[in-house]
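Numbering (our numbering), first residue to last: 185 to 303. See below for the structure under consideration.
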């Protein structure tokens, strides 16, 4: 009986430690970042992600840019969440969606504060 209780408590502490140490703080940081983006502020860096306010200008026609996750509108300001392997992830705070676009089709212009429009 004592061994069963010890195994159960050990398992319980492992689950709680995993949630508290990694999963829950990352979720809270993500929620804080979304709230800051909605308010027009640049979120603070978290877990290796350094968001920045940007205007994304298309190189060529907007119609020819493949977008995963929503509609890309060049006049909207975005929050650049990250980029890797030729793909950039932009957060559209107004529509609360992430867009994945090819970096080679965009000119990304960083901004200190979130502009009201990029047009």
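Ideal Cβ positions, reconstructed from N, Cα and C, are used throughout, including at glycine. Treat the numbers as computed from the prediction; the structure is a model and nothing was measured.
Query - Residue burial classification, residue 293 (beta-carbon count within 10 angstroms, cutoff 16) - result: It is exposed - the Cβ of residue 293 has fewer than 16 other Cβ atoms within 10 Å.
**Report entry** According to DSSP, residues forming a beta bridge with residue 252
**Finding:** Per the DSSP secondary-structure output, residue 252 pairs in a beta bridge with 284.
Query - Distance CB(residue 237)-CB(residue 296) smaller than 9 angstroms - result: Remark: C-beta atoms of residue 237 and residue 296 approach each other more closely than 9 angstroms.
**Report entry** Closest residue to residue 224 among 255, 284, 276 (Cα-Cα distance)
**Finding:** Minimum Cα distance to residue 224 is reached at 276.
Query raised in the report: Considering only residues of the same chain and omitting the five flanking positions on each side of residue 215, which have a CB-CB separation below 7 angstroms?
Result: Answer for residue 215: no residue qualifies.
Report task. Can you have a look at residue 260 and say buried or exposed, based on whether 16 or more other CB atoms are within 10 angstroms of its CB? Result -> In summary, residue 260 is buried, with 16 or more beta-carbon neighbours lying within 10 Å of its beta-carbon over all protein chains present.
Query raised in the report: Three-state secondary structure (DSSP) at residue 194?
Result: It is helical.
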